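Chains as they are written, first to last, in the working numbering: chain A, 1 to 126; chain B, 1001 to 1110.
Glycine included, every Cβ here is placed at the ideal spot set by N, Cα and C.
Since we're looking at a predicted model, the values are computed, not measured.
This report concerns only the one structure given below.
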């Protein structure tokens, strides 16, 4: 059974860089795609970005200039960095694993995210 | 403003059937991209409820079903139970294969 355990700094000042890590248990980080999603207080879900098993990334256009997602296969972990944070970045951040889909249907989108981390609350305040 | 439009809230009595719509456009759902549905209980991480338009992961009761037609998708819950009270989100893709979420629908069991 695959599990994700995430951690990172919970309180940041404006202009600092958010850094979160998600450890993968029960699967190899090199075998799947990995996603980050966030949820501002009282609001809906926002996809941040995804890294595939080859290391290629796809980011939300609205965050692309500030986001970096990477995988460390030696530690079986993947990470999120979001630079120049503001109060608008205050949210619960989740890591997640999408289901695999056959390559022949990949053009119709990725798999549903069936495994989620526990969430990390990040607050940006001066 | 979410790219995928969901009703902010729906409600139903125990045992009833409710549906939650997810309206997109020819740039996302209507372009043939798959739709996934998530359930989020208060204070918890989302849970995958339906994947690839109409498939239930193992362990999800068959009271939950979903369909997709044209530029919209729909989630149906039959035999409503108190434990179904949660927020529900649809998710699809745009032409760059970026994931896009609906704004979420709060289900209240009366």
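Apart from the 5 residues on each side of it in sequence, residue 1031/B sits with its Cβ closer than 8 Å to the Cβ of 1095 in its chain, given in chain order. The beta carbon of residue 33/A is closer than 7 Å to those of 50, 51, 52, 53, 98, 110 in its chain, skipping five residues each way along the sequence.
By the 16-neighbour rule on beta-carbons within 10 angstroms, residue 116/A is buried. Inter-segment contact for the segment 1015-1025 of chain B and the segment 75-85 of chain A is absent: fewer than three beta-carbon pairs are separated by less than 8 Å.
About 7 Å separates the CB atoms of residue 90/A and residue 41/A; that is less than 8 Å, so the two are in contact. For residue 18/A, the closest C-alpha among the options 102/A, 72/A, 63/A is that of 63/A. Residue 1008/B and residue 108/A have their alpha carbons spaced roughly 27 Å apart. Interface flag for residue 1062/B against chain A is unset, since no Cβ pair is found closer than 9 Å. Chain B places a beta carbon closer than 9 Å to that of residue 60/A, counting this residue as a contact. Taken through DSSP and simplified to helix, strand or coil, residue 1045/B comes out as coil. By the neighbour-count criterion, in which a residue is buried when 16 or more other Cβ atoms sit within 10 angstroms of its Cβ, residue 1091/B is buried.
Listed in chain order, the beta strand (DSSP E) elements of length 3 or more contained wholly in the segment 23-63 of chain A are 34-39, 46-51, 57-59. If you draw a straight line from the Cα of residue 1026/B to the Cα of residue 1071/B, it comes to about 6 Å. Taking 9 Å as the cut-off, the Cβ atoms of residue 1016/B and residue 1087/B do not count as close.
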